[in-house]
Each structure stands twice: as structure tokens, then as C-alpha cells.
Amino acid sequence: MAGRLVVIGGDAAGMSAASQARRRRDRDDLEIIAFERGHFTSYSACGIPYWISGLVDYRELITRDPETHRREHQIDVRLRHEVVKIDLERREVVARDLENGGREVREGFDDLVYAAGAVPTMPGWARTDAGGVFGVQTLDDGKALRHWLDGDPKPKRAVVVGGGYIGVEMAEAMIERGLAVTLVERGEQPMSTVDPDMGRMVRDALNGLGIDVRTRVTITGLTTEGGRVSGVRTSEVTIPADVVVLGTGVRPNVRLAAEAGLPIGPTGGIRTDLRMRVIGVPGVWAAGDCVETLHKTTGQPVYIPLGTHANKQGRVAGINIGGGYATFPGVIGTAVTRVCDLEVARTGLLEPEARIAGFEFITVTVESTNTAGYFPDAAKMTVKLIAEKGTGRLLGAQIVGRSQSAKRIDTLAVALWNKMTVDEMSMLDLGYAPPYSPVWDPVLVAARKAVDILHST
Ligand SMILES: Cc1cc2nc3c(=O)[nH]c(=O)nc-3n(C[C@H](O)[C@H](O)[C@H](O)COP(=O)(O)OP(=O)(O)OC[C@H]3O[C@@H](n4cnc5c(N)ncnc54)[C@H](O)[C@@H]3O)c2cc1C
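The sequence shown begins at -10 in the numbering used here and counts up one residue at a time.
The following block contains the structure:
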């Protein structure tokens, strides 16, 4: 008799798991049902800022629509179905058909993949009946924002709340659309995914684009006029706004999981083993923005909700459900983004993270250029390294620079992943030609300088 796999969540993690399971087990061996409460499957939320800015069309963000999943993988996708309960004893899920008055649907499972993603953190002040306040978590959110931006009256002033990578990308999108933009961040600098000294450069770049960046600001409320948002109230002033975009972070979407008794870890995410099996619950798997994972540098659980992890974790779960063997080894905190032509990247630990983890370390920051210095358009590129005192092991790296700077973080990520010391890194055989780097690549210069500092301390 065929087994049955039920998937909750039809995006990166859930559909990767479903597709991988199908590759290994045909429909006679495994029936697959995927519940998705939204209107889309397998879409790139990462592309939302570029759709809002007008760079891409939203249809290009959808990798596989439900019809393709049904036709090519024989996955029974149930769109607009929200799972409301997981009954582990009866081994079934209860869902509501949102298009048909919430009609109840029950489906049993042999295996269950929980891939319900994350929920945006919604500050109390942002809860309003007035129009003009938007998150950018899903394509449906993006559609609502685009509709508002194209509406009548056309918004002219945007306030973006939160200076993380989503806030910064959305600030750029609003500028691209011709709005006057204020970015509000409660921390010391925007781009809190890098240390403040590197964030300072991001701030300068944002200012250079005409974005009014306000840091160490606490928001106290919104002002509204005629049912529309008209401003963002802070402890000091009210910033006029016709549209407010929230980039205030996310937390794991684990309500259903917790209600069913799945184990929740210290970061708030579901606990799994390296094969993405939920700890202590046979036949139940979890992947993506709803789980916590292992930080390979600290050995501690960590919550880093990124598409790159969701896809890999879903794939791992699917391979295992399909009868293969795969593990997700953990993460080291690599991330990359850009603000117009300024690229920002990190891997490993930031200074405060290294301190909390109990490392003694040195830091080094070097300024170089992205191409040979004499090359046309050579531009400044800054590399910061964090290395452990004594061993010289690389603990973290950050890069801010122009064209072709940020993806150098991948070299540093591989070094960090493999526990290389800055000494070993300083002689790495990296490619060189004038259009791509100075003869000493900035990564090598930073490693060399770190070695000097380590030897002198
Ligand atoms: C604006 C933006 C930009 C981003 N940029 C990047 C980037 O550059 N790089 C990067 O690595 N990551 C980026 N991310 C993060 C990335 O999009 C997420 O990590 C990824 O989408 C997580 O995939 P997931 O499948 O775990 O969760 P999700 O994509 O959130 O999918 C979960 C799905 O489950 C559905 N669901 C939830 N509850 C239920 C239920 N009860 N019943 C049925 N369905 C349910 C939801 O509707 C949703 O479609 C970005 C995110 C955003 C919002």
C-alpha cells in the first residue's frame, strides 16, 4: 500500500521536500499532498524588493506554480488551504478550505513535513485599521503594497522601519520608485547584520542615494488621516508618511507545531536532528524558516531564516523521506545583499557574537580596491576579519564594497567552514587579473594583516 506524505507550506522548504521525495518514490509508492494557505507555490520572497522597485515582474519570481507541481511531480497541491491542527495521535492534519467558507478537510499521513515558514514581527504601534502599512513577507503582501503605490492618491513619502537587509532593500526599492524615503532603525547603524563600523559605510551609501537615515529611534505610534497613514511618530518627532513598510524581522511560525507538542528550541524554532527529523517525533520532519539550526562556529542553536537554508533543509528532508540519506550540517551565518551599487556581505560571527560565544579575538580592517587600482572604475572595498587569538582561526568576515566585492565572502565562508587559520588563508591560490582584483586580493591582504597582528599580540 502506498504511503502518504503531507506537507504544510508550499514554498521553498515544503516544495523542495515534496519534489525530492517524489524523485525517489513514484506515485504508486508515495502519495503527496501539499497544503498552502496563500495563492502561490515555490516563489522567491527574496525577489520581492526588486519586483516592488520595478526591476522584475512578479511572475518571474515563481519557480513552479501549482499546476507544474501537479503535472510534473504528481503532487496534490491544495492552494488556499490553511492547516489549523496537527493530530499526532490520529496521524492526520485538519485544514480549512479558505475559498469555500472554511470547509474542513482532514488528511491522514505517514510522514509529515512542517514547513510553515516565519511570521513577521508586528510591533504593537503598527496594528491599525488605516491603510498604508505593509509587510513584505509574501507575494500577497507585495501585491498589496504595489497596489497602494500605484493607487490614487499616489504616495510620495515612504518610511521604512527596520534597517536589516530587508529594510535596506525596500528603502532602495522606494527610492527607485521616486518616493522620498526615511529609514528608521532603533540600533546604532543600519544593516545590523554587520558590525556598526561596517554599517556606517552602508549609512553613507544610503544617504548618498538621498535616503534620510535615522538611527537610535524608537517609534511610538502612527498618525492617520481619513483612514490612511499620514506619519510615523517617534519619541522626538513625527515623520510624514504616505506609506510605511515594515522590515522589523521575523520569528518562526511554530504555533501549530507547539500546539501539537513538537519540541521548540531556545531560539523559538522547531528542534530537528541533522536529517531534519523533528526530535522525538517519528515520521515528522521540519525545514526552513520555522526551524532552528546548528551554528558550526559556536556549536550553539541559532535562528537564521534564509532562503538558502530553507531550500537545502527541504531537500534533505525529501531525500530522507524518499529512502535516501542526507544531512544538513548547520550554518555559519553567511549572507549578502546590496544597496544600489554598494554590496554588503558577512560570514561567521560579528564582534558581539564572538564575544558572547566566549572567544578571544583580534579584528583587522583593510581598505583595498575591487579591481587593480589603476583599472578604470576601480572602487574602494573594505574587508574586516575576526580571528581567534592563539589559534589564528577565522571566526568571522565582513565585506563592504562596489562591484564584485560581496561574493568574495564565499571564499571566506569556505575558509571559515573548514576552520582555516588566517595564516593558511594568506597564501590561498586565488585568481588574479587586473579587471578582477589587485595582485594581492583584498581577502589575502586582510589575512596577511591579521597574521601580523596575531604575531604582535
Ligand atoms: C523581502 C524578503 C527578501 C528576502 N531576501 C532573501 C535573500 O536575499 N536571501 C535569502 O537567503 N533569503 C531571503 N529571504 C528569506 C527567504 O525568503 C526565506 O528564508 C524563505 O522563503 C523561507 O522558506 P520557507 O519555505 O521556510 O518559508 P516561506 O517561504 O515563508 O513559506 C512558508 C509557506 O507556508 C505557508 N503556510 C504557513 N502556515 C500555513 C498553514 N497553517 N497552512 C498552510 N500553509 C501555511 C505560507 O503561506 C508560506 O507560503 C527574504 C525574505 C523576504 C521576505
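No residue lacks a Cβ here, since even glycine has one placed at the ideal position from N, Cα and C. Since the model is a prediction, treat every value here as computed from it, not as a measurement.
If contacts are defined as beta-carbon pairs under 8 Å, then residue i and residue j qualify, I think. What distance do you get, rounded to the angstrom?
i      : j      : result
THR354 : THR371 : 6 Å
PRO38  : GLU174 : Not confirmed; about 17 Å, so no contact.
ARG335 : THR171 : The Cβ separation is near 25 Å, so there is no contact.
GLY106 : ASN242 : 5 Å
CYS279 : LEU198 : At roughly 35 Å, the Cβ-Cβ gap does not stay under 8 Å, so CYS279 and LEU198 are not in contact.
HIS28  : ASP129 : 6 Å
THR223 : ILE200 : 16 Å between Cβ atoms; not a contact.
ILE75  : LEU245 : 6 Å
THR52  : GLY238 : THR52 to GLY238, Cβ: 25 Å. No contact.
ALA402 : SER415 : Incorrect: roughly 17 Å between the Cβ atoms, too far for contact.
THR204 : GLY176 : 6 Å
THR282 : GLY319 : 6 Å
VAL440 : ASP412 : 5 Å
THR358 : PRO427 : 6 Å
ALA378 : GLU349 : Per the sequence shown, residue 378 should be read as Lys rather than Ala. Correct: roughly 4 Å between the Cβ atoms.
ALA343 : GLY385 : 6 Å
Please state if the CB of residue j and the CB of residue i are separated by a distance shorter than 8 Å.
i      : j       : result
HIS62  : ARG26   : no
GLY236 : ILE351  : no
PHE24  : ALA119  : no
ILE375 : LEU433  : no
ARG391 : ALA422  : no
VAL305 : ARG260  : no
LEU77  : ALA230  : no
VAL125 : ARG240  : no
TRP67  : ILE(-3) : According to the sequence as given, residue 67 is Arg; it is not Trp. For ARG67 and ILE(-3), no; Cβs fall outside 8 Å.
ASP99  : GLY313  : no
GLY383 : THR410  : In the sequence on display, residue 383 carries Leu and not Gly. The answer is yes: Cβ separation under 8 Å.
VAL234 : ALA133  : no
ALA34  : THR127  : yes
ASN300 : SER5    : yes
LEU195 : ALA160  : yes
SER42  : GLU165  : yes
LEU211 : VAL102  : no
LEU50  : GLY36   : yes
ARG95  : GLU81   : yes
ASP65  : THR30   : no
GLY3   : ALA115  : no
ALA276 : VAL267  : no
GLY322 : HIS298  : no
ILE218 : VAL389  : It is Val, not Ile, that sits at residue 218 in the sequence shown. Not closer than 8 Å, so no.
VAL221 : TRP137  : no
MET187 : LYS396  : no
GLN387 : TYR425  : no
VAL325 : MET180  : no
GLY131 : TYR47   : yes
Compute the minimum distance between the beta carbon of residue i and the heavy atoms of ligand 2, and state whether it is under 7 Å.
i     : result
HIS70 : Ligand 2 is absent from the structure shown, which contains only ligand 1.
Scan the segment 78 to 144 and note each continuous alpha helix (DSSP H) run of 4 residues or more that stays entirely inside, going in chain order.
Within the segment 78 to 144, the complete alpha helix (DSSP H) runs of at least 4 residues fall at 128 to 138.
In chain order, each alpha helix (DSSP H) run of at least 4 residues that lies wholly inside the segment 33 to 86:
37 to 42 and 55 to 62
My parser needs the beta strand (DSSP E) runs of 3 or more residues fully inside the segment 257 to 337; what are they?
273 to 275, 324 to 328 and 331 to 337
Touch check for the segment 134 to 151 and the segment 313 to 332: three-plus C-beta pairs under 8 Å?
no
Under 8 Å: do the segment 13 to 21 and the segment 278 to 293 share three or more Cβ pairs, one atom per stretch?
no
Which residue spans inside the segment 329 to 398 form an unbroken alpha helix (DSSP H) run of at least 4?
For the segment 329 to 398, whole alpha helix (DSSP H) runs of length 4 or above, ordered along the chain, are 340 to 345.
Which complete alpha helix (DSSP H) runs does the segment 398 to 437 hold, if anything under 4 residues is left out?
Within the segment 398 to 437, the runs of alpha helix (DSSP H) that reach at least 4 residues and sit entirely inside it are, in chain order, 398 to 406 and 411 to 414.
What are the start and end residues of each continuous alpha helix (DSSP H) run of 4 or more residues lying completely inside the segment 213 to 256, in chain order?
Here the runs fully enclosed are 244 to 249.
What beta strand (DSSP E) runs, 3 residues minimum, are completely inside the segment 169 to 208?
169 to 173 and 201 to 203
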